[in-house]
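Novice: Numbering (the numbering used here), first residue to last: 516 to 715.
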Ligand code: GLN
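1) Can you say whether residue 632 is buried or exposed, counting buried as having 16 or more other CB atoms within 10 angstroms of its CB?
2) Pair every Cβ in the region 576-586 with every Cβ in the region 659-669, then say whether three or more of these pairs are closer than 8 Å.
3) If you reduce the DSSP assignment to three classes, tell me which class residue 688 lands in.
4) Where residue 523 and residue 604 are concerned, what is the direct C-alpha to C-alpha distance, given to the nearest angstrom?
5) Less than 7 Å between C-beta atoms, sequence neighbours within five positions excluded: which residues of the same chain meet that for residue 655?
6) Pull up the distance between the alpha-carbon of residue 708 and that of residue 647, whole angstroms please.
7) Tell me the rounded alpha-carbon separation between residue 598 and residue 532.
8) Between residue 610 and chain D, is there a C-beta pair that is closer than 9 Å?
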């Protein structure tokens with residue numbers, strides 16, 4: 516069966532995510548068709564969705580302007596998987612502490628933008644993640660941290676004592692960029708492994 520995977524492509528890295536989804540799918544006897552989402556109308560036909568990193572203020576402005584924001588909310592309300600990474604995590608949170616980001620409240624977490632300080636603007640670390648056998652090579656780039664976690668939110672990973680990967684129902688959010696290594700296990704986890712899309 517073919518899974519239609521929408522990657523919100525208003526800003527940020529798209530092709531790396533597309534590749535990671537394409538690489539995760541065959542293990543589950545799935546094929547993937549990638550849909551680049553730039554305007555309203557594309558999301559309803561997507562089985563899974565990805566909201567990439569970039570600049571959360573810009574992404575927020577563009578998805579609201581294009582009418583994509585309400586479609587993301589409807590997608591999650593229908594129980595379909597969404598993976599939101601870095602700036603994507605900020606956009607789907609309940610509060611980012613920055614009024615320029617109109618958060619979608621799809622994850623019951625509050626976040627702090629650019630939380631890891633100047634010296635740690637960018638770094639990679641081997642991160643233990645719940646559900647993965649081996650640590651994940653997590654790349655953080657001006658990453659947010661999660662401040663508070665609401666009930667019903669499962670913490671999948673922590674760094675420096677702060678949550679950096681969470682799940683709530685069909686939504687997985689990571690503060691890091693799982694698409695920037697050739698390890699596709701986070702995409703696998705979010706879309707196939709635990710989302711009921713696997714036939715394997
Ligand atoms: N610092 C960015 C923001 O706050 C996020 C960075 C990223 O997505 N790599 O929006």
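Backbone N, C-alpha and C define an ideal beta-carbon position, used for all residues, glycine too.
Specialist: Inspection of the coordinates gives the following:
1) exposed
2) no
3) strand
4) 13 Å
5) 631, 637, 638, 690, 691
6) 11 Å
7) 10 Å
8) In the displayed structure, chain D is absent; only one protein chain is listed.
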